[in-house]
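I have placed the structure first, in the form of structure tokens, so that the comments after it can refer back to it.
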Amino acid sequence: MLTHQRRFLPSTSALAAFDSVAKLGSFSAAANELALTQGAISRQIGLLEDQLGVRLFERTNRGVELTPIGRTYAKGIGDALATIRTLSLEAMATRDDTHLRLAILPTFGTRWLMPRMPDFLAKNPAIIMDFATRIGQFEFEGSGLDAAIHIGEPNWPGTDCQFLMHEMVVPVCNPAFLAANPVKRPEDLLSKPLFDMASRPRAWEQWFSSLGISEGRGGGMRFEQFSNVVQACHAGLGIALVPTFLIEPELATGQLVRAWDHQVKSASAYYLVRPLSKMAYGPASAFAGWLIEQARTFSDQRPMKG
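In UniProt numbering, the protein residues as written are 1 to 306.
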């Protein structure tokens, strides 16, 4: 019975060689991809065909082409190998319960999270943190990440989103830019170059709406990262609507000033996101409890004002 089963379970070496040749259409290209000799690839394919009792490739003057059976087999084997790679990555990512692999937003991570991390590490000395920068939603499966800090809405498929905090946003710019482009009333901002953030696509619309202003505005630069939009403000290129707690140093030193002193609660909020498959993972659970408490304390110290 075991011998019979083995006939239908080719070696991973043979399957990897077959998958590579099927994708690349060449023994030599597959040999380069797998760091093997062309002869080794040919032998693996020959062993696989002998084991299955079918021809998977037709040898031609131009190289090799999949037979009809080979095409069907290639589709299934490609999917199966992808699944094995994903499962292997996930197994490696959870091979122990001491590492926490966290995706962070660049500026939130450096300005808000990192100054608080010594407290978490002191309370959890056995946990080793690995950080990766991610902006926007991504596929947790196969990423090796256990959790992410997300700005936006709690609509991430296949995950648990735990609320951390809201943010207050205010329009800011370089003081020299404001001196050259005075703002006497909020409507004046409509004619200025206003920056948009990818993570907050309707921020300006909501800010103007909070003042009862419904007129449209012209287009402006759009940025993916918060650090870039702040640099554009420093360069005097225009006005950005940014979270106050992330630019406290710039406001305190006068590097940036409020173009109009009116702040509103952003429609976006910060969330800790964990894939449902990692909800029972110890380090992620410990971090979630600590982070939610840190966010709650921070929010209590900074009451929201509309």
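All C-beta atoms in this analysis are idealised placements derived from N, C-alpha and C, irrespective of residue type, glycine included.
Since we're looking at a predicted model, the values are computed, not measured.
In this structure, the beta-carbon distance from F27 to S11 does not fall below 7 Å. Look at T72 here: in three-state DSSP terms it is helix.
The alpha-carbon of C173 is positioned some 33 Å away from that of P118. Within the model, the alpha-carbon separation for K278 versus A284 is close to 8 Å. The residue among G238, S268, E187, S191 with its C-alpha nearest the C-alpha of A198 is S268. Secondary structure at R111: helix, using DSSP grouped into helix, strand and coil. Here P186 really is in contact with W260; their C-beta atoms are around 5 Å apart, less than 8 Å. The C-alpha of E153 is placed about 26 Å away from the C-alpha of F120. In this structure, DSSP gives S299 a helical state, which the three-state scheme calls helix. The DSSP-derived three-state label of Q263 is coil. For R43, the enclosing alpha helix (DSSP H) begins and ends at 38–52. V54 and G25 do not touch by the CB rule: their CB atoms are close to 19 Å apart, not below 8 Å. For secondary structure counted as the beta strand (DSSP E) over 3 or more consecutive residues, the region 135–182 holds these complete runs in sequence order: 147–152, 159–173.
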